[in-house]
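Chains A and B, in that order, are what the protein sequence lines are.
Take 1 as the starting number for the first sequence in the working numbering and just add one per residue.
Take 140 as the starting number for the second sequence in the working numbering and just add one per residue.
There are 2 protein chains.
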Amino acid sequence: MTDGPGFGNTLVYLSLLIQRRYAQICADHDLTTAQAQLLCTVKDQPRGMGELSQLLGLAKPGLSGLVDRTERRGLVQRVASDRDRRACTVISTPLGKEVGNALYADVAARLPDIFGHLPAADRRVLEELVAGVPTDCGD
Amino acid sequence: MTDGPGFGNTLVYLSLLIQRRYAQICADHDLTTAQAQLLCTVKDQPRGMGELSQLLGLAKPGLSGLVDRTERRGLVQRVASDRDRRACTVISTPLGKEVGNALYADVAARLPDIFGHLPAADRRVLEELVAGVPTDCGD
DNA sequence: TACTTTGGTTCGTGCCACGAACTTTACTGG
DNA sequence: CCAGTAAAGTTCGTGGCACGAACCAAAGTA
Numbered sequence: 001m002t003d004g005p006g007f008g009n010t011l012v013y014l015s016l017l018i019q020r021r022y023a024q025i026c027a028d029h030d031l032t033t034a035q036a037q038l039l040c041t042v043k044d045q046p047r048g049m050g051e052l053s054q055l056l057g058l059a060k061p062g063l064s065g066l067v068d069r070t071e072r073r074g075l076v077q078r079v080a081s082d083r084d085r086r087a088c089t090v091i092s093t094p095l096g097k098e099v100g101n102a103l104y105a106d107v108a109a110r111l112p113d114i115f116g117h118l119p120a121a122d123r124r125v126l127e128e129l130v131a132g133v134p135t136d137c138g139d
Numbered sequence: 140m141t142d143g144p145g146f147g148n149t150l151v152y153l154s155l156l157i158q159r160r161y162a163q164i165c166a167d168h169d170l171t172t173a174q175a176q177l178l179c180t181v182k183d184q185p186r187g188m189g190e191l192s193q194l195l196g197l198a199k200p201g202l203s204g205l206v207d208r209t210e211r212r213g214l215v216q217r218v219a220s221d222r223d224r225r226a227c228t229v230i231s232t233p234l235g236k237e238v239g240n241a242l243y244a245d246v247a248a249r250l251p252d253i254f255g256h257l258p259a260a261d262r263r264v265l266e267e268l269v270a271g272v273p274t275d276c277g278d
């Protein structure tokens, strides 16, 4: 109650702003946010489907389709596991790495504009607070 | 460059966590995030389609469909404007208001958990910084 | 060798959102 | 008063996204 009408709701609003800007940046790189997310997850390290499912918070069919579409664009690739013949690992193609890195850099450069109204000191504080968010998402 | 690998990217990650939690809360109220967003925008004040298009960052067809689906669920309603016979205004039904308020409260209650790891003082600081985000989104 | 579990895919459904084309009404200028 | 243009929304077709249910094949186990 002391939260008043809403820290939570303000957070939602903020996340919408971020998502909108992010989607715009992704679009500039000819990516959807979902594909961008997949690409960045796989860019520096191969991942199994199950792992990705976990990391991206998707059910299996959703992920399967996402990988399909992203693979069709030549950004990622399924490779068979020699450990387990039914499993496959998703890796990034050279093109995918390139695009992923460019996107990453662009996001770092353009997205913080959202907080352009904040003095540098405040931004630093914010940065630190936000950085502390748990890497392991609460499902 | 002093941002290191990424304030921007951390923000994106944060926004994903928020969106995921938010989607979960919306689902608990039998809503999609898009419908929830529409509902909350209209809940306390009628809005024209153009205005909504602006506020939600959607093109006209997308909004039209969203209103269709939400109207079909009895949460909002199109009413004709007497000013302009081609325009219509979207208002919330009583059910919509009820659902919207419940959602709003639930979001306020459950979403800040994401920052459960922060001491109260830090959370307060964060709250203040976040609250300062411009209401007018940068298109 | 049978039984169960697990990794992924396919299928059908529904939401979401876009551009293009269209209809209706409002607003001009002559 | 009657064009012609502009604006508000809708419809249509397309495509991405993501879910549950059903399925197949390989792996593990009794």
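Backbone N, C-alpha and C fix where the C-beta goes; we use that ideal spot for every residue, glycine too.
Pairing B:ILE253 with A:VAL133 gives a Cβ-Cβ distance under 8 angstroms. Interface annotation, B:HIS256: in contact with chain A, CB-CB separation under 8 angstroms. For the pair B:ILE157 and A:VAL76, the CB atoms are not nearer than the 8 angstroms cut-off. In this model, A:LEU31 and A:ARG78 are separated by some 19 angstroms (Cα to Cα). Restricted to the region 18 to 72 of chain A, the alpha helix (DSSP H) segments that are unbroken, complete and at least 4 residues in length are 33 to 42, 49 to 56 and 60 to 72, listed in chain order. Counting along the chain, the unbroken beta strand (DSSP E) around B:ARG217 starts and ends at 215 to 219.
In the DSSP annotation of this structure, B:VAL269 is not part of any beta strand (DSSP E); the continuous alpha helix (DSSP H) holding it starts and ends at 259 to 270.
DSSP places A:THR93 outside both helix and strand once states are collapsed to three, so it counts as coil. Here B:HIS168 has ALA175, VAL238, ALA241, LEU242 and ASP245 as same chain residues with Cβ atoms under 8 angstroms from its own Cβ, once five neighbours each way along the sequence are excluded. A:ALA80 has its alpha-carbon roughly 20 angstroms from the corresponding atom of A:GLN54.
Not one beta carbon of chain B lies nearer than 8 angstroms to the beta carbon of A:SER92.
In the assembly as shown, A:LYS43 is a buried residue. Its beta-carbon has 16 or more other beta-carbons within 10 Å. If you draw a 10 Å sphere on the C-beta of B:GLY255, you find fewer than 16 other C-beta atoms in it, and that means exposed.
About 6 angstroms separates the beta carbons of A:LEU66 and A:LEU38, which is inside the 8 angstroms limit, making them a contact pair. CA-to-CA, the gap between B:ASN148 and A:ARG72 works out to about 26 angstroms.
With respect to chain A, the C-beta atom of B:VAL269 has a partner C-beta closer than 8 angstroms.
Distance from the CA atom of A:SER64 to the CA atom of B:LYS199, rounded to whole angstroms, is 31 angstroms.
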